[in-house]
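Asks: Per our numbering, the sequence shown starts with residue 4, numbered consecutively.
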Amino acid sequence: MPRPAQGAVKAIAFAKEQLGEPYRWGAAGPSAWDCSGLMMRAWGAAGVTLPHYSAAQYTAGTPIKVGELRPGDLVFWGSSNNPSSIYHVAMYIGDGKIIHAPRTGRPVSIDSMYYWITPSFFARVG
Numbered sequence: 004m005p006r007p008a009q010g011a012v013k014a015i016a017f018a019k020e021q022l023g024e025p026y027r028w029g030a031a032g033p034s035a036w037d038c039s040g041l042m043m044r045a046w047g048a049a050g051v052t053l054p055h056y057s058a059a060q061y062t063a064g065t066p067i068k069v070g071e072l073r074p075g076d077l078v079f080w081g082s083s084n085n086p087s088s089i090y091h092v093a094m095y096i097g098d099g100k101i102i103h104a105p106r107t108g109r110p111v112s113i114d115s116m117y118y119w120i121t122p123s124f125f126a127r128v129g
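#1: Sort Leu77, Arg109, Tyr90, Asn85 by Cα distance to Lys100 and report the nearest one.
#2: Could you spell out where the alpha helix (DSSP H) holding Ala58 opens and where it closes?
#3: Distance cutoff 9 Å, beta carbons only. Does Ala49 sit that close to anything in chain D?
#4: Closest by CA to His55, which one among Ala8, Thr121, Arg127, Leu41?
#5: Between which two residues does the alpha helix (DSSP H) carrying Met42 extend?
#6: Classify Gln9 as buried or exposed, calling it buried when 16 or more other Cβ atoms lie within 10 Å of its own Cβ.
#7: Considering Cα atoms alone, identify which of Ala48, Met94, Ser57, Asn84 is closest to Leu72.
#8: Could you check if Tyr90 is buried or exposed, using at least 16 other CB atoms within 10 Å of its CB as the buried criterion?
#9: Could you tell me the distance, in whole angstroms, from the CA atom of Asn85 to the CA atom of Gly23?
#10: How would you label Val69, buried or exposed, when you count the other beta carbons within 10 angstroms and need 16 or more for buried?
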């Protein structure tokens, strides 16, 4: 597996510091997170500006294929093959795992990238 870029190391470290923090829709820290708020702040810790909206985060990145994933890349779920349908984002951390703020009742956690349904889109930022 390729080593993550320096910015990705910082983004992953920030996200991991939030493990166990609660999910709250629209939240961007410091004590609660939604999926895009966590990605926005994690990459912000690495000096990269991202919007606070998962579909816009995909647009802000460079689209990649699943086989190109490196730690720090963003993984997205959508309801169709159109990126405007994106409704969830997570950060790939390697070995088929992601870190994300899943939903109400589930705190920031590390899961298999396929914990739920197959992701739809992938992007590289930074």
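We treat Cβ as the ideally placed atom computed from N, Cα and C, and that holds for glycine. As the structure is a computational prediction, the values presented were derived from the model and not from experiment.
Replies: This is what the structure gives:
#1: As a first step, residue 100 must be located in the sequence shown, where it is residue number 97. When only C-alpha atoms are compared, the closest one is Leu77.
#2: The count along the sequence shown starts at 1 and reaches residue 58 at position 55. In the DSSP assignment, Ala58 falls within the alpha helix (DSSP H) that extends over 57-63.
#3: Reference to chain D is not applicable here, since this structure consists of a single protein chain.
#4: As a working mapping, residue 55 is identified with position 52 in the sequence shown. Among Ala8, Thr121, Arg127, Leu41, the Cα nearest to that of His55 is on Leu41.
#5: Numbered from its first residue, the sequence shown carries residue 42 at position 39. Per DSSP, Met42 belongs to the alpha helix (DSSP H) from 38-47.
#6: On the sequence shown, residue 9 is found 6 positions in, with the first residue counted as 1. Around the beta-carbon of Gln9, fewer than 16 other beta-carbon atoms lie within 10 Å, marking it exposed.
#7: Within the sequence shown, the letter at position 69 stands for residue 72. The shortest C-alpha separation from Leu72 is found at Met94.
#8: Counted from its first residue, the sequence shown places residue 90 at position 87. Result: exposed.
#9: Translated into the one-based positions of the sequence shown, residue 85 becomes position 82. Translated into the one-based positions of the sequence shown, residue 23 becomes position 20. Taking C-alpha positions only, Asn85 is separated from Gly23 by approximately 32 Å.
#10: One-based indexing of the sequence shown puts residue 69 at position 66. The residue in question, Val69, is exposed, as its Cβ has fewer than 16 Cβ neighbours within 10 Å.
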